[in-house]
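What follows is a short report on a single structure.
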Amino acid sequence: MTQERPDGAPVDPAGRFATATSTQVAIVGAGPAGLMLSHLLHIAGVDSVAVDIRSRHQIETTHRAGILERDSVRLLVDSGASDRVLRDGDQHRGIYLRFGGVSHHIDFEALTGASVWLYPQTDVFKDLAEARDRDGGDVRFGVRDVRVEDVLHQPTVSYTDAEGARHVLSAGIVVGADGSHSICRALVADRQQFFREYPFAWFGILCEAPKSSPELIYTRSDLGFALISQRTDRLQRMYFQCDPAERPEEWSDARIWDALQSRLAGHDGFSLREGPIIERSVLPFRSYVQAPLRHGRLLLAGDAGHTVPPTGAKGLNLALADVAVLAEVLERAVKKGDTEALSTYSERALARVWKAQHFSYWMTTMLHQVPGAAAFDEQRHLGELSTLVASEAGKTYLAEGYTGWPDTTRHGATPGSRVSSHGDGSTAGREG
Ligand code: DHB
């Protein structure tokens, strides 16, 4: 459906004519948000072109979070983007909160009837990229010098390809799904920016070791936060709180294990299993929201519009929730000429974004040590955790936030979904 239109195209710096293409929706950023949007638009009969400055391999090998909310899994499965999440993902019915050297299980299924899936973002990306290949999607990785212009009237996205040729996409609408270093977000005039910095970061590792626990363990200790997550039976993902200026290459395996073991130490017989560390990196912490998420014919989705600190793994889930709403709004705008629909997007998306901002902030502050904090606050957070794990209401509040707040307007949130809505602890939805 995308048409080449070489006539009248501008000339690139080398004196060649730039190739001009017109498309209904140009998507800047082909990570999970951009590709899921492109996939949903394809289903709706709306054509799109997605571009990304990163190579497909680069995106596929950048480790990110690994937890999907129930509605994220529904969206992947019910839209036909991924069956693999039900086969290869691990359904988790809860998490452990560990403090005072003792783990407490929070049983999401029992509390809310919902669970989450451990399925890494890199796999979500692979599934989406394959779905776009399968359906003939137009996704252009590894481009450079991306420019977005005239978003109020006749938007264009231009870029240089790997061979040095300049291309211009003229688009009805541009979506900025270009992550936390977004070039699109600055194009929103009269934007408000809300942010919070944190005086700590996460040291993240991948290691070759068996699982230490059937489900994730979020730990508060005198020495700081630690999180025991997983990837496969033989590959584990773990994090511990560190200084943002920490240099991963200066940490030996022994020092890393000492940091993790001392934070996980306790009185309940828990034992953290070790193995060779095959990757290490420091993850920044930041809360950020830009409002509105729309300017004329430009709309922002995912990290381009908002970032959350990693505690609680809301980033990818928020991005998928954004594009579920966005696909619906764009379909109305493009196919029915209902451009008023575009004006509803920002408010609908931001309502969830602020819930997730609060949830991520709350989980973060409850579980981390602020350097130099008063002893009073340390004891107060232990009081908060003790109150939480002893209260059905408290645990339910955590479970609702972690598994994701329902949104009945979302694609796939239907009674016919192949992903169970009321858990009985079984692996509902896996068959087939
Ligand atoms: C993972 C990351 C998170 O930030 C989190 O809260 C849970 C799990 C992960 O990478 O597995």
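Under the working numbering, the sequence shown has 213 at position 226, and the numbering climbs by one with no breaks. The beta-carbon is built from N, C-alpha and C at its ideal position, and this holds for glycine as well.
Exercise for the section: Report yes if the C-beta distance between Glu136 and Thr147 is below 8 Å; otherwise report no. Expected result: Counted from its first residue, the sequence shown places residue 136 at position 149. Counted from its first residue, the sequence shown places residue 147 at position 160. Their beta carbons are not under 8 Å apart, which means Glu136 does not touch Thr147 by this criterion.
Exercise for the section: Return yes when the Cβ of Leu193 is within less than 8 Å of the Cβ of Glu261, no when it is not. Expected result: On the sequence shown, position 274 is the one that residue 261 refers to. On the sequence shown, position 206 is the one that residue 193 refers to. The criterion of a C-beta distance shorter than 8 Å is not satisfied by Glu261 and Leu193.
Problem - the region 220 to 231 contacting the region 160 to 169, beta-carbon criterion three pairs below 8 Å - result: The region 220 to 231 vs the region 160 to 169: no contact.
Problem - Span separating the alpha-carbon of His368 from that of Pro186 - result: Taking the first residue of the sequence shown as position 1, residue 368 is located at position 381. Taking the first residue of the sequence shown as position 1, residue 186 is located at position 199. In this structure, the alpha-carbon of His368 lies about 17 Å from that of Pro186.
Practice task
Determine whether the Cβ of Gly289 lies closer than 8 Å to any Cβ atom of chain B.
Solution key: The chain inventory of the structure shown lacks chain B, comprising one protein chain alone.
Problem - Closest by C-alpha distance to Glu379, when choosing among His91, Leu174 and Arg183 - result: Within the sequence shown, the letter at position 392 stands for residue 379. Considering only alpha carbons, the answer is His91.
Handout entry: Straight-line gap, Ala289 to His26 (C-alpha atoms, nearest Å)
Key = Start at 1 with the first residue of the sequence shown, and residue 289 comes out as number 302. Start at 1 with the first residue of the sequence shown, and residue 26 comes out as number 39. At residue 289 the sequence reads Gly, which differs from the Ala that was named. Rounded to whole angstroms, the separation of the alpha carbons of His26 and Gly289 is 16 Å.
Practice task
Quick one: grab the DSSP three-state call for Ala196.
Solution key: For the purposes of this step, residue 196 is taken as the residue at position 209 of the sequence shown. Under the three-state reduction of DSSP output, Ala196 falls in the coil class, being neither helix nor strand.
Handout entry: Contact between the region 282 to 296 and the region 155 to 163 (3+ Cβ pairs under 8 Å)
Key = Touching, yes.
Handout entry: Top-ranked residue by Cα proximity to Thr6, from Val126, Thr48 and Ala152
Key = Locating residue 6 in the sequence shown gives position 19, counting from the first residue. Nearest to Thr6 by alpha-carbon distance, out of Val126, Thr48 and Ala152, is Ala152.
Problem - Within 8 Å, strictly: CB atoms of Tyr106 and Gly53 - result: Counting from one through the sequence shown, the residue named residue 106 turns up at place 119. Counting from one through the sequence shown, the residue named residue 53 turns up at place 66. Yes, the Cβ-Cβ distance between Tyr106 and Gly53 is below 8 Å.
Problem - Contacts around Val421, its chain only, beta-carbon distance under 6 Å, and the 5 residues preceding and following it disregarded - result: The shown model of the chain, from -12 to 419, leaves out residue 421, and the question about it has no answer.
Problem - Contact between the region 45 to 65 and the region 292 to 306 (3+ Cβ pairs under 8 Å) - result: The answer is yes - the region 292 to 306 touches the region 45 to 65, with three or more Cβ pairs under 8 Å.
Handout entry: Identity of the residue in Glu387, Val340, Thr219 and Arg74 nearest Val295 by Cα
Key = Residue mapping note: residue 295 aligns to position 308 of the sequence shown, counting from 1. Nearest option by C-alpha distance: Val340.
Practice task
Just the C-alpha distance for Ser239 and Asp245, rounded to the nearest angstrom, thanks.
Solution key: Along the sequence shown, one-based indexing puts residue 239 at 252. Along the sequence shown, one-based indexing puts residue 245 at 258. Straight-line Cα distance between these residues: approximately 10 Å.
Exercise for the section: Label Lys322 either buried or exposed according to how many other C-beta atoms from any shown protein chain fall within 10 Å of its C-beta, with 16 as the threshold for buried. Expected result: In the sequence shown, the residue the question calls residue 322 occupies position 335. Residue environment for Lys322: exposed (fewer than 16 other C-beta atoms within 10 angstroms of its C-beta).
Exercise for the section: Given a cut-off of 8 Å, decide if Val33 and Arg127 are closer than it, judged by their beta-carbon atoms. Expected result: Walking along the sequence shown from the start, residue 127 turns up at place 140. Walking along the sequence shown from the start, residue 33 turns up at place 46. For Arg127 and Val33, no; Cβs fall outside 8 Å.
Exercise for the section: Can you check DSSP and say which residues form a bridge with Ser373? Expected result: Reading the sequence shown from its first residue, position 386 is the one you call residue 373. DSSP output for Ser373 lists no bridge partner at all.
Handout entry: Spatial distance of His154 from Ser9 (CA atoms)
Key = On the sequence shown, position 167 is the one that residue 154 refers to. On the sequence shown, position 22 is the one that residue 9 refers to. Whole-angstrom Cα-Cα distance: 11 Å.
Handout entry: Tyr275: first and last residue of the uninterrupted beta strand (DSSP E) it sits in
Key = Locating residue 275 in the sequence shown gives position 288, where the first residue counts as 1. It spans Arg273 to Ala278 - the beta strand (DSSP E) in which Tyr275 sits, taken as one unbroken run.
Exercise for the section: Tell me whether Leu251 is buried or exposed, calling it buried when 16 or more other Cβ atoms sit within 10 Å of its Cβ. Expected result: As a working note, residue 251 is residue 264 in the sequence shown. Leu251 counts as buried, since at least 16 other C-beta atoms from the protein chains shown sit within 10 angstroms of its C-beta.
Problem - CA-to-CA distance, Gly211 to Gly370, given in whole angstroms - result: For the purposes of this step, residue 370 is taken as residue 383 along the sequence shown, with counting starting at 1. For the purposes of this step, residue 211 is taken as residue 224 along the sequence shown, with counting starting at 1. Rounded to the nearest whole angstrom, the C-alpha separation of Gly370 and Gly211 is 16 Å.
Problem - Gly53: CB within 7 Å of a non-hydrogen atom of the ligand DHB - result: By one-based count along the sequence shown, residue 53 stands at place 66. Yes, since a heavy atom of the ligand DHB falls inside the 7 Å radius drawn around the Cβ of Gly53.
Problem - Thr49 classed as buried or exposed, judged by whether at least 16 other C-beta atoms fall within 10 angstroms - result: Within the sequence shown, numbered from 1, the residue matching residue 49 stands at position 62. By the 10 Å Cβ count, Thr49 comes out exposed.
Problem - Own chain partners of Ser69 with C-beta closer than 6 Å, once the 5 adjacent residues on each side are dropped - result: As a working mapping, residue 69 is identified with position 82 in the sequence shown. If we look at Ser69 and ignore the five residues flanking it on each side, its Cβ neighbours are Leu63 and Asp114.
Handout entry: Cβ pair Ala291, Arg172 closer than 8 Å
Key = In the sequence shown, the residue the question calls residue 291 occupies position 304. In the sequence shown, the residue the question calls residue 172 occupies position 185. Contact flag set, yes.
Exercise for the section: Verify the contact flag: Gly299, CB atom, against every heavy atom of the ligand DHB, threshold strictly below 7 Å. Expected result: Taking the sequence shown and counting its residues from 1, one reaches residue 299 at position 312. It does: the Cβ of Gly299 is within 7 Å (strictly closer) of some heavy atom of the ligand DHB.
Handout entry: Endpoints, the beta strand (DSSP E) within which His92 is located
Key = Looking up residue 92 in the sequence shown gives position 105. Here the beta strand (DSSP E) through His92 covers Val89 to Asp94.
Exercise for the section: Within the region 253 to 339, note down every full beta strand (DSSP E) run reaching 3 residues or more, in order along the chain. Expected result: Runs found: 264 to 270, 273 to 278 and 285 to 287.
Exercise for the section: Confirm the yes/no value for this check: CB of Leu214, any heavy atom of the ligand DHB, distance under 7 Å. Expected result: The residue you call residue 214 lines up with position 227 of the sequence shown. Leu214: yes, Cβ under 7 Å from the ligand DHB.
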